[in-house]
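Right, one structure below, let's go through it.
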């Protein structure tokens with residue numbers, strides 16, 4: 003069965019410091035991986051995706067993510083956090099062989115302090 | 280560039296009533312998805328359409344739930360005989376298939392359903 007784990011409910015970081023939000027996944031086939039961000043009372047905004055190719059993927063707002071097949075991980079990173087990055091972040095996976103539905107993790111709340 | 284639009288944004292109803300939500304996808308998108316999100320959880324897939332055809336339904340979609348996309352444009356999600364457990368945010372997403380590469384799903388702001 004497909005699954006996504008986000009082991010941290012909350013990540014706290016000071017403005018200007020690097021941030022990492024962790025994600026591990028489990029699929030039977032090849033994964034398509036995604037990160038989305040959600041602000042209060044809003045839908046999800048797409049940040050970036052990994053389909054194939056370079057393991058380091060760059061996305062919106064200075065975010066990037068590294069795909070690690072051996073560790074089945076897809077951690078979200080940013081070199082320098084902003085207060086405005088504070089939000090709820092979701093990792094999602096799609097098993098290429100299993101259908102089109104996205105399987106989401108439970109989400110990680112990122113809090114950036116000034 | 281208009282995004283995915285969902286109406287209403289909020290719906291409060293009494294248990295046992297029927298409710299219907301509407302989703303207008305991004306105009307050129309042929310795939311439309313419905314998800315449900317409860318507090319503290321990530322979205323859970325309910326169903327998706329390619330054009331007007333409903334191609335996949337989750338086991339979460341009980342027989343009280345029905346979704347339509349009659350002309351391959353907007354979609355409606357109806358819940359009959361609502362129950363307390365139906366209280367959630369209902370999210371709609373759309374994407375272009377096949378598109379260039381694997382196109383991401385773009386989400387609307389959701390309809391928050393509260394059952395009294």
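Chains as they are written, first to last, in the working numbering: chain R, 3 to 116; chain S, 280 to 395.
Even glycine gets a Cβ: it sits at the ideal position worked out from N, Cα and C.
Of the residues S:368, S:369 and S:350, the one whose Cα lies closest to the Cα of residue 309 of chain S is S:350.
Think of a sphere of 8 angstroms around the beta carbon of residue 375 of chain S: no beta carbon from chain R falls inside it, the nearest being about 12 angstroms out.
Residue 376 of chain S and residue 382 of chain S have their C-alpha atoms spaced approximately 7 angstroms apart.
Judged by DSSP secondary structure, residue 35 of chain R falls within the beta strand (DSSP E) whose first and last residues are 33-40.
Contact check for residue 24 of chain R and residue 40 of chain R: beta-carbon distance about 17 angstroms, past the 8 angstroms limit, so the pair fails to qualify.
Those residues of the stretch 46-80 of chain R placed with their C-beta closer than 7 angstroms to a C-beta in chain S are 46, 48, 51 and 53, ordered along the chain. Classified as exposed, residue 293 of chain S has fewer than 16 neighbouring CB atoms from the shown chains inside 10 Å of its CB.
Within chain S, no residue has its beta carbon less than 7 angstroms from that of residue 18 of chain R; the closest one is some 29 angstroms off. The beta carbon of residue 24 of chain R does not come within 9 angstroms of any beta carbon belonging to chain S, so the residue lies off that interface. Residue 43 of chain R belongs to the set of residues whose beta carbon lies under 9 angstroms from a beta carbon in chain S. Spanning the alpha carbons of residue 388 of chain S and residue 89 of chain R requires a straight line of approximately 15 angstroms.
For residue 327 of chain S and residue 302 of chain S, the gap between their C-alpha atoms comes out near 12 angstroms. Taking 9 angstroms as the threshold, the shortest C-beta distance from residue 38 of chain R to chain S falls below it.
When S:342, S:285 and S:373 are compared, the shortest CA-CA separation from residue 362 of chain S is found for S:342.
Scanning chain S for C-beta atoms nearer than 9 angstroms to the C-beta of residue 84 of chain R yields nothing, as the closest lies near 22 angstroms away.
Straight-line measurement puts the Cα of residue 295 of chain S at about 31 angstroms from the Cα of residue 107 of chain R. Neighbours of residue 383 of chain S in chain R, taken as residues at a C-beta separation under 8 angstroms, are given in chain order as 36, 48 and 51.
Across the set S:395, S:390, S:393 and S:373, the C-alpha of S:373 shows the shortest separation from the C-alpha of residue 305 of chain S. For residue 63 of chain R, the secondary structure class from DSSP, reduced to helix, strand or coil, is helix. Residue 69 of chain R is a Cβ neighbour of residue 35 of chain R, given a cutoff of 9 angstroms. At a cut-off of 9 angstroms between beta carbons, residue 6 of chain R contacts chain S.
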